[in-house]
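Numbering (the working numbering), first residue to last: 755 to 922.
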């Protein structure tokens, strides 16, 4: 027998052994429960959901000059509390509904610069996102966040309602 034929026989025998091994291992592998990978990344976790809101005084949405609003909240509890400032801009009761393109919202940074804030929309209410705005206030600390709202559509009307989201 030539060495060429014996290599082919060895390769064929190895393939048969592999197929028989898979056939007998198949039921055992199927009976083994799959282990789900654990999620440890904070990016893959669901964002926290507020448990309450503190509504602050509202103001009419005015065209013309930009309006400034300060969202202030003091943690009067003896423990740290997670909070997030938010602006809601509600449409008039009789319509038309506001669109994000009707206004520009900016937040003042600690350095005194104004930075744009994305605005979402749901059923005629515009809102600043809570995700990313969350911060922990120690006992007795005060949150003070300044916003500026500019009406870009002179026909836009509504109410600006600042509030603070409270978490667990």
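Just so you know, even glycine gets a beta-carbon here, dropped at the ideal spot from N, CA and C.
Asked                                                                                                                        : Found
Cβ shell of residue 830 (< 7 Å), same chain only, five flanking positions each side left out                                 : none
DSSP three-state assignment for residue 980, whether helix, strand or coil                                                   : For residue 980 there is no data in the structure shown, the boundaries of the chain being 755 and 922.
Residues of its chain near residue 821, where Cβ-Cβ distance is below 6 Å and the 5 sequence neighbours each way are ignored : 903
Cβ-based burial, residue 797 [other Cβ within 10 Å; buried from 16]                                                          : Any reading at residue 797 is ruled out, since the residue's pLDDT is 46, under 50, leaving its predicted position unreliable.
Bridge partners - residue 814, DSSP secondary structure assignment                                                           : 913
Runs of alpha helix (DSSP H) lying entirely within the segment 873 to 913, each at least 4 residues, in chain order          : none
Residues near residue 811 in its chain [Cβ-Cβ closer than 8 Å; skip 5 each side]                                             : 916
Closest residue to residue 816 among 919, 905 and 863 (Cα-Cα distance)                                                       : 905
8 Å contact criterion, which residue 879 and residue 844 should meet: CB distance rounded                                    : 5 Å
Same chain, Cβ closer than 7 Å to residue 853, five either side skipped, listed in chain order                               : 875
For residue 839, the three-state DSSP class (helix, strand or coil)                                                          : strand
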